[in-house]
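S.K.:
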Amino acid sequence: MDDEDTQLMLAFQAGDRAAFETLFRRYTPPLLNFLARMVQDRGRAEELSQDVFIRIYNAAERYEPRSRFSTWMFGIARNLALNDLARAYRKRERQVTEPHELDYADPSPDAEANLAGRRLATSLEHSLGRLPERQRAALLLRSEQGLGYQEIAEVLETSVSSVKSLLHRARETLLAELKEEAE
Amino acid sequence: MSAHPRENLVAYLDGELDTPTRETVSAHLADCESCRAEVSRQSQLDGALAALPRLEPSPGFEARFWARLARERDEATGLGARVLAWLSPLRMGLGLGGAAAAAVALALAFRLGGPAPLEPDPDWEIVVDSESYELFSENVEMLEILEILEDWDAASET
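Written out as structure tokens, the structure reads:
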């Protein structure tokens with residue numbers, strides 16, 4: 753494994769704390785976005801993001817690069833997210849079919865011009881939140897994080913053909929729901 | 007016209023097909039308007055997903071992370087140090103080595119859910135690390151010593 757992130761993790765293992773800080777700052781935004789859309793709760797997503805980095809920090813001594821750093825990191829995140837969703841389901845804290853509003857800052861000053869776009873984004877967020885967790889995870893890793901199918905398969909601990917199937921079903925569901933809302 | 011390769015259309019769009027399959031899908035698309043329309047829909051969905059707003063961490067996120075990490079590590083080492091200090095007279099009596107004593111301390115910390123606070127013994131080095139935990143895992147019979155410790159503790163109170 754010779755990708756830059758793996759080298760940074762190895763540098764941290766050797767005692768370079770700044771290397772960990774680089775990884776932390778680089779991956780906090782994508783990790784937060786992935787977790788927020790997985791658990792549909794921004795506050796919880798921030799806690800889980802910190803959980804991921806604490807695990808990475810504490811695992812430094814035993815770290816052996818068997819995959820890309822991002823694959824390893826998203827694998828930890830996916831496990832924590834699924835555990836959190838299972839826990840919440842048992843406690844009935846959150847209804848995953850009615851996701852919380854994720855609080856975004858509107859970067860554009862022209863809110864009216866973006867109204868249709870924001871409606872679509874809201875519909876898409878709600879539809880994403882209703883997807884089965886594995887389909888949601890596969891789609892987020894592909895569309896939001898840009899991971900390839902092989903890497904997604906490693907994160908989800910499944911096969912590439914299964915990833916293809918998950919993505920196909922996820923997109924079909926989203927398209928059907930968006931079409932229904934538009935009618 | 008061949009059967010519609012619906013499931014492969016997404017992989018085609020994602021550039022994830024092997025060469026022969028990609029060529030087959032390309033040839034199909036050249037002749038199939040409905041599949042071309044499907045690719046177009048999938049592409050628009052891709053665009054909408056890519057355009058979803060991005061969350062930024064809340065203010066102070068990084069500072070809270072470092073504070074939390076420091077707190078959790080302090081709690082872990084503090085607990086181990088207290089248990090090691092509590093063990094020290096017994097350790098000398100039983101002739102336990104440092105790692106073995108740390109393994110027992112770790113076992114105690116987990117099993118008893120945290121001992122009562124004690125003054126730490128500055129002469130003892132804090133050894134609650136992966137080596138100790140591995141030693142604990144390999145020598146589960148050490149747990150028998152817990153019974154001795156509990157009996158000793160109860161006897162010292164009478």
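Same order as they appear, the protein sequences are chains X and Z. So for the first sequence, this note's numbering puts the first residue at 753; every next one is plus one. So for the second sequence, this note's numbering puts the first residue at 7; every next one is plus one. We treat Cβ as the ideally placed atom computed from N, Cα and C, and that holds for glycine.
Looking at the structure shown, is residue 10 (chain Z) part of a helix, part of a strand, or coil, going by DSSP?
M.R.: If DSSP states are grouped into helix, strand and coil, residue 10 (chain Z) belongs with coil.
S.K.: Is there a C-beta anywhere in chain X that falls below 7 Å from the one on residue 81 (chain Z)?
M.R.: So, not an interface residue.
S.K.: For the region 868-879 of chain X, which residues have a beta carbon sitting closer than 8 Å to at least one beta carbon of chain Z?
M.R.: Under the 8 Å Cβ criterion, the region 868-879 of chain X contributes 869, 872, 873, 876 and 877.
S.K.: Give the interface partners of residue 884 (chain X) over in chain Z, defined as CB-CB distance under 7 Å, in chain order.
M.R.: Residues of chain Z passing the Cβ test: none, with the nearest at roughly 17 Å.
S.K.: May I have the straight-line CA-CA distance separating residue 802 (chain X) from residue 77 (chain Z), to the nearest angstrom?
M.R.: Taking the straight line from one Cα to the other gives about 13 Å.
S.K.: Report the CB separation of residue 40 (chain Z) from residue 19 (chain Z) in whole angstroms; it is logged as a contact under 8 Å.
M.R.: Not quite, the Cβ-Cβ distance comes to about 15 Å (not below 8 Å), so this is no contact.
S.K.: So, helix, strand or coil for residue 38 (chain Z), using DSSP?
M.R.: Residue 38 (chain Z): coil per DSSP, three-state reduction.
S.K.: Note down, in chain order, every chain Z residue with its Cβ under 8 Å from the Cβ of residue 923 (chain X).
M.R.: Neighbours of residue 923 (chain X) on chain Z, chain order: 16, 48 and 51.
S.K.: So, is the C-beta of residue 901 (chain X) closer than 7 Å to a C-beta in chain Z?
M.R.: Output row for residue 901 (chain X): interface = yes.
S.K.: Is there at least one Cβ from chain Z nearer than 7 Å to residue 784 (chain X)'s Cβ?
M.R.: Yes, its Cβ sits closer than 7 Å to a Cβ of chain Z.
S.K.: Between the Cα of residue 885 (chain X) and those of X:814, X:908 and X:804, spot the shortest distance and give me the residue it belongs to.
M.R.: The candidate whose alpha carbon is nearest that of residue 885 (chain X) is X:908.
S.K.: Just mark residue 32 (chain Z) as buried or exposed, buried being the case when its beta carbon has 16 or more other beta carbons within 10 Å.
M.R.: Exposed: under 16 other Cβ atoms inside 10 Å.
S.K.: Output yes if chain Z places a C-beta closer than 7 Å to the C-beta of residue 788 (chain X); else output no.
M.R.: Chain Z contact via Cβ: present.
S.K.: Report the three-state DSSP secondary structure of residue 29 (chain Z) (helix, strand or coil).
M.R.: Looking at residue 29 (chain Z) - three-state DSSP - the assignment turns out to be helix.
S.K.: Which residues in the same chain have their Cβ closer than 6 Å to the Cβ of residue 879 (chain X), if we skip the five residues on either side of it in sequence?
M.R.: Once the five neighbours on either side are set aside, the close Cβ partners of residue 879 (chain X) are 926 and 929.
S.K.: Whose CA, out of Z:45, Z:9 and Z:79, lies closest to the CA of residue 923 (chain X)?
M.R.: The shortest Cα separation from residue 923 (chain X) among Z:45, Z:9 and Z:79 belongs to Z:45.
S.K.: Check whether the region 781-801 of chain X and the region 63-71 of chain Z are in contact - that is, three or more C-beta pairs closer than 8 Å.
M.R.: The region 781-801 of chain X vs the region 63-71 of chain Z: in contact.
S.K.: For residue 63 (chain Z), go through chain X and note every residue whose CB falls closer than 9 Å to its CB, in chain order.
M.R.: Residues of chain X passing the Cβ test: 780, 781, 784, 798 and 801.
S.K.: Cutting at 6 Å between CB atoms, please list the residues of its own chain near residue 827 (chain X), excluding the five before and the five after it.
M.R.: So the qualifying residues of the chain are 907.
S.K.: At 7 Å on the CB atoms, spell out the chain Z contacts of residue 820 (chain X), in chain order.
M.R.: Per Cβ cutoff of 7 Å: no residues; residue 820 (chain X) is ~17 Å from chain Z at best.
S.K.: Kindly say whether residue 42 (chain Z), judged by its beta-carbon, lies nearer than 7 Å to any beta-carbon of chain X.
M.R.: Output row for residue 42 (chain Z): interface = no.
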